[in-house]
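What follows is a short report on a single structure.
Residue numbers (the UniProt record's numbering): 1 to 303.
What follows is the structure, encoded as structure tokens:
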């Protein structure tokens with residue numbers, strides 16, 4: 001499988017230098033005759049199935065209509081209209097992150113909003129967004145890469161969109177081997193196409209692509225906790241095309257360290273409101289806000 005994918009990449013790159021590489025929804029490869037870049041010469045081009053492009057590393061742009069349609073048709077699950085199936089009566093199981101967000105928002109929380117939470121875990125345990133959905137009527141999307149955890153998410157009957165995929169660390173879709181370990185599951189360095197106990201091959205989608213599939217470009221609160229890949233995920237975001245007002249981002253597991261994460265986000269125009277930590281290790285997050293979008297915070301960082 002790995003060799004076959006490598007050959008796809010090599011052939012696609014070679015043909016791109018000569019003629020157009022087109023995308024097709026159907027399985028298998030087939031040569032087609034297309035007009036070359038010189039406008040006159042007809043050459044053979046490779047029709048690359050979308051299924052192969054979804055695996056990477058042949059680049060499929062984040063806003064490609066075919067990618068967006070694939071997300072809509074295969075990865076977006078509608079909000080549940082069934083009663084909640086939650087284990088606790090506590091509306092706010094967060095480890096302190098949601099409290100900070102509520103402090104920032106104040107009365108603005110009652111005006112409604114849209115959230116994104118990744119990873120969503122089981123949709124309840126230590127969820128940073130449940131309170132916004134259940135108490136304040138916000139809409140949102142839960143993103144969870146681990147297939148086992150995603151089954152638990154569906155059982156909760158959250159009133160949000162749900163996506164069984166990981167967020168890509170590249171600005172294009174790709175597949176990865178995902179370590180399945182409940183709250184500490186994460187993207188691994190293992191090669192896809194090989195079987196490993198405790199790991200599952202999982203589709204990753206760019207954050208921006210998921211937003212486009214939902215027809216959303218403004219996010220009031222983004223909760224990002226993906227066990228070490230946070231900075232890489234953030235680097236894929238076209239910040240000039242989205243408005244993300246407030247974020248909580250875990251910093252403890254990143255390979256480049258918390259200061260690199262902090263600097264990158266601040267370079268995008270954000271300020272640090274606080275750090276949230278928990279003595280049991282259940283929270284190690286920066287709370288970021290964008291001052292020009294959250295104007296009621298008067299000035300400066302509070303950390």
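Every residue gets a Cβ at the ideal spot worked out from N, C-alpha and C, and that includes glycine.
All values derive from a computational prediction rather than experimental measurement.
Residue 127 and residue 51 have their C-alpha atoms some 32 Å from each other. Counting only runs of 4+ residues, the alpha helix (DSSP H) found wholly inside the stretch 213 to 290 occupies 230 to 235 and 258 to 267, in chain order.
No Cβ-Cβ contact shorter than 8 Å links residue 137 with residue 220. If the five residues before and after residue 160 are omitted, its C-beta is found closer than 7 Å to the C-beta atoms of 79, 133, 139, 140, 141 and 142, all from its own chain and listed in chain order.
Pairing residue 242 with residue 265 gives a Cβ-Cβ distance that is not under 8 Å. Looking at the backbone, the Cα of residue 213 and that of residue 64 are separated by about 11 Å. By the neighbour-count criterion, in which 16 or more other beta carbons inside 10 Å mark a residue as buried, residue 158 falls on the buried side. When C-alpha distances from residue 227 are compared across 83, 218, 253 and 206, the shortest belongs to 253. Secondary structure of residue 139 (DSSP, three-state): strand.
Shown here for residue 92: same chain residues with a beta carbon closer than 6 Å to its own, the five before and five after excluded, namely 98 and 131 in chain order.
Sixteen is the threshold: since fewer than 16 other Cβ atoms of the shown chains lie within 10 Å of the Cβ of residue 280, the residue is exposed. Contact check for residue 260 and residue 224: beta-carbon distance about 15 Å, past the 8 Å limit, so the pair fails to qualify. The bridge partners DSSP lists for residue 65 come to none.
With contacts defined as CB atoms closer than 8 Å, residue 165 and residue 211 fail to qualify as a contacting pair. Put simply, of 74, 207, 217 and 156 the residue whose alpha carbon is nearest the alpha carbon of residue 233 is 207. Proximity to residue 94 across 122, 203 and 84 peaks at 122, based on C-alpha coordinates.
DSSP, read as helix, strand or coil, puts residue 93 in coil.
Residue 68 and residue 49 have their C-alpha atoms spaced approximately 15 Å apart. Apart from sequence neighbours up to five positions away, the residues of its chain that approach residue 294 with a beta-carbon distance below 7 Å are 104, 245 and 246, ordered along the chain. The C-beta separation of residue 96 from residue 278 comes to about 7 Å, placing the pair in contact by the 8 Å criterion. Leaving aside the five residues that flank residue 110 on each side, the residues in its chain whose CB is nearer than 8 Å to its CB run, in chain order, 136.
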